[in-house]
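Structure, as structure tokens:
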């Protein structure tokens, strides 16, 4: 069938066209030692990047589409949703974005910046498109999107597109190198708040906690089988001021049992700052009550 | 080439291609490579190892040791300010088919993860965590018993319980698995 167009060539050409178009959406954010990570032009005045991979600092150089080197200031970062935004010193033309929708099994094209003004591309499937989830840092992520593709460190933070060219979100690394997507809806929700305040306000006690089993001898008085052991206390933080010690086992926060982590996370939203909170905890074999005042979490 | 005679016969001389974007850096790295007893070859010549300043040359198929590069696919990853002995060690290891990584921070392994509510495995007790901390320090059961002021029998009981809960067969494995668990489970409030 000589007149039939070659399907594979068509498929490949379509991908080339997509990658070519996406090139104008990515920038290379320069880090030390000639490294870079990828940022995406959200609009002409905002670059979105992966918070976990962006070092501390106020200003970064970046390579714009086409190769011009410019500078950008950090305008806000939110570790809870892994979103950081930078403001370029001068506007950079940004392609328009049409949101796509992730479906399990659909093709996903992840674009990175090559460091010289061009793009690199990765192709895979949407391995899993699931419901909303809460990050270990307490942020609400609108959908769980896992990709079946490999990503180099320098490509993290780039846009991920569906087969129709719709924008699924920002690529980033989950645990054990899994490539996940911070959905477009989450970015849409967080960016305006970051532009306004530079951060997402969250309540803070200043403790690191690990789930532990309540020792058998204390199960009855604790009335539950698990708790959160205080592994470290931030000096000067609200927990430290309330006298909470490493080794204490938190049983409940304002009556919410400590094993209901997501409910507790909701408890520490922006409106919690300044509120008094009652902790029930085990210390030295006894169940005691401690009250502390929730402060505001500052950039980690 | 009078210094070639001083190289011990058993010490392997490797052909190393040095990839750096600026000349002074290339010269400095070349010097380290030569002083370690290897030979610097051109980037396109036959080489056993490529030493790259920053991210490696794209499409490189030979084993690469990167200084400060971020690509997890590379055989060797050192920090940008690695010293001469580390560079030599990494070159040799990678040429021998091993993988070299920096200790400590493995950000990629941690990644951006979910808050887990149902952990699906038996939680450790505070006492087991104490015993584990002692095991991590390489303590014997006897030393653990002394430190925690409990009987040897009780220590053995805790160690067995740790092995069971963590699915570990050795003390080292228990420590490693617990540390991985802790990384995944720790939350900050």
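Chains as they are written, first to last, in my numbering: chain A, 1 to 300; chain B, 301 to 489. Ideal Cβ positions, reconstructed from N, Cα and C, are used throughout, including at glycine. No experiment lies behind these values; they were computed from the predicted model shown.
Count the other CB atoms, across all protein chains shown, that sit within 10 Å of the CB of residue i; report buried if there are 16 or more and exposed otherwise.
| i | result |
| --- | --- |
| residue 32/A | exposed |
| residue 244/A | buried |
| residue 408/B | Residue placement at residue 408/B is flagged as unreliable, the pLDDT there being 47, under the threshold of 50; the coordinate-derived value follows with that caveat. Its Cβ being crowded by 16 or more others within 10 Å, residue 408/B is buried. |
| residue 288/A | exposed |
| residue 254/A | exposed |
| residue 363/B | buried |
| residue 298/A | exposed |
| residue 381/B | exposed |
| residue 338/B | buried |
| residue 458/B | buried |
| residue 258/A | buried |
| residue 62/A | buried |
| residue 10/A | exposed |
| residue 278/A | exposed |
| residue 183/A | buried |
| residue 397/B | exposed |
| residue 162/A | buried |
| residue 91/A | exposed |
| residue 472/B | exposed |
| residue 284/A | exposed |
Applying a beta-carbon distance threshold of less than 8 Å, which residues of chain A neighbour residue i?
| i | result |
| --- | --- |
| residue 427/B | 215 |
| residue 463/B | Simply none; closest approach about 16 Å. |
| residue 467/B | Ordered by position in chain A, no residue passes the 8 Å Cβ test against residue 467/B, which lies about 16 Å from the chain. |
| residue 435/B | Within chain A, no residue comes near residue 435/B; the closest Cβ sits about 17 Å away, beyond 8 Å. |
| residue 454/B | In chain order: nothing, as chain A lies at least about 13 Å away. |
| residue 367/B | 33 |
Would you kindly report the start and end of the unbroken beta strand (DSSP E) that includes residue i?
| i | result |
| --- | --- |
| residue 214/A | That residue, residue 214/A, is in no beta strand (DSSP E); it is neither H nor E in DSSP. |
| residue 23/A | Segment: none, residue 23/A is in no beta strand (DSSP E) and carries neither H nor E. |
| residue 183/A | 179-183 |
| residue 59/A | 59-63 |
| residue 125/A | 119-130 |
| residue 72/A | 69-78 |
| residue 159/A | 159-162 |
| residue 113/A | 107-113 |
Show which residues of chain A have a CB atom less than 7 Å away from the CB atom of residue i.
| i | result |
| --- | --- |
| residue 386/B | Per Cβ cutoff of 7 Å: no residues; residue 386/B is ~15 Å from chain A at best. |
| residue 470/B | In chain order: nothing, as chain A lies at least about 22 Å away. |
| residue 487/B | 136, 209, 261 |
| residue 354/B | 33, 34, 35 |
| residue 402/B | Result: empty, since nearest Cβ-Cβ is about 13 Å, beyond 7 Å. |
Leaving aside the five residues before and after residue i along the sequence, list all residues of the same chain whose C-beta is less than 6 Å from its C-beta, in chain order.
| i | result |
| --- | --- |
| residue 81/A | 139, 186, 190 |
| residue 133/A | 141, 144 |
| residue 54/A | 84 |
| residue 399/B | 375 |
| residue 102/A | 126, 129, 145, 168 |
| residue 39/A | 27, 29, 47, 49, 157 |
| residue 468/B | 474, 477 |
| residue 242/A | 290, 292 |
Apart from the five residues just before and just after residue i, which ones in its own chain have a Cβ nearer than 7 Å to its Cβ?
| i | result |
| --- | --- |
| residue 405/B | Because the pLDDT at residue 405/B is just 45, under 50, the model does not fix this residue reliably, and the value given afterwards should be weighed accordingly. Taken in chain order, the list of residues that qualify is empty. |
| residue 320/B | 326, 329, 353 |
| residue 87/A | 45, 46, 72, 73, 75 |
Pop quiz: residue i and residue j are said to be a contact at Cβ under 8 Å. What is the actual Cβ separation, rounded to whole angstroms?
| i | j | result |
| --- | --- | --- |
| residue 179/A | residue 209/A | Contact flag wrong, Cβ pair sits at about 28 Å. |
| residue 136/A | residue 439/B | Wrong, their Cβ atoms sit about 31 Å apart, outside the cutoff. |
| residue 112/A | residue 16/A | The pair is not a contact, with the Cβ atoms about 16 Å apart (cut-off 8 Å). |
| residue 234/A | residue 246/A | Not confirmed; about 11 Å, so no contact. |
| residue 212/A | residue 429/B | 7 Å |
| residue 395/B | residue 348/B | 5 Å |
| residue 432/B | residue 478/B | 5 Å |
| residue 37/A | residue 19/A | Going by Cβ atoms, the distance from residue 37/A to residue 19/A rounds to 19 Å, so no, they are not a contact pair. |
| residue 202/A | residue 270/A | 7 Å |
| residue 99/A | residue 109/A | Their Cβ separation, rounded to whole angstroms, is 15 Å, which puts residue 99/A and residue 109/A out of contact at 8 Å. |
Can you name, in chain order, every residue of its own chain whose Cβ lies under 8 Å from the Cβ of residue i, other than the five neighbours on each side?
| i | result |
| --- | --- |
| residue 128/A | 104, 144, 145, 146 |
| residue 238/A | 204, 205, 206, 292, 293, 294, 295 |
| residue 214/A | 222, 224, 225, 226, 227, 249, 251, 282 |
Which two residues bound the contiguous alpha helix (DSSP H) that contains residue i?
| i | result |
| --- | --- |
| residue 330/B | 323-335 |
| residue 461/B | 452-466 |
| residue 395/B | 384-395 |
| residue 431/B | 426-436 |
| residue 267/A | 261-267 |
| residue 87/A | Careful: residue 87/A lies outside any alpha helix (DSSP H), inside the beta strand (DSSP E) at 83-88. |
| residue 448/B | 441-448 |
| residue 340/B | Looking at the DSSP string, residue 340/B is not in any alpha helix (DSSP H); the run it does join, the beta strand (DSSP E), is 339-341. |
So which residues on chain A does residue i lean against when the C-beta distance must stay under 9 Å?
| i | result |
| --- | --- |
| residue 411/B | 52, 172, 173, 174, 175, 176, 177, 178, 180 |
| residue 361/B | Residues of chain A passing the Cβ test: none, with the nearest at roughly 15 Å. |
| residue 321/B | 34 |
| residue 447/B | Near residue 447/B there are no residues of chain A at all, since even the closest Cβ is about 15 Å away, more than 9 Å. |
Give the interface partners of residue i over in chain B, defined as CB-CB distance under 9 Å, in chain order.
| i | result |
| --- | --- |
| residue 265/A | 415, 487, 489 |
| residue 160/A | Correct list: empty, because the minimum Cβ distance to chain B is about 14 Å. |
| residue 98/A | Within chain B, no residue comes near residue 98/A; the closest Cβ sits about 25 Å away, beyond 9 Å. |
Starting from the beta carbon of residue i, find every residue of chain B whose beta carbon is closer than 8 Å, and list them in chain order.
| i | result |
| --- | --- |
| residue 47/A | Here the premise fails: no neighbours, minimum Cβ distance about 18 Å. |
What does residue i reach in chain B if we use C-beta pairs closer than 7 Å?
| i | result |
| --- | --- |
| residue 226/A | 423 |
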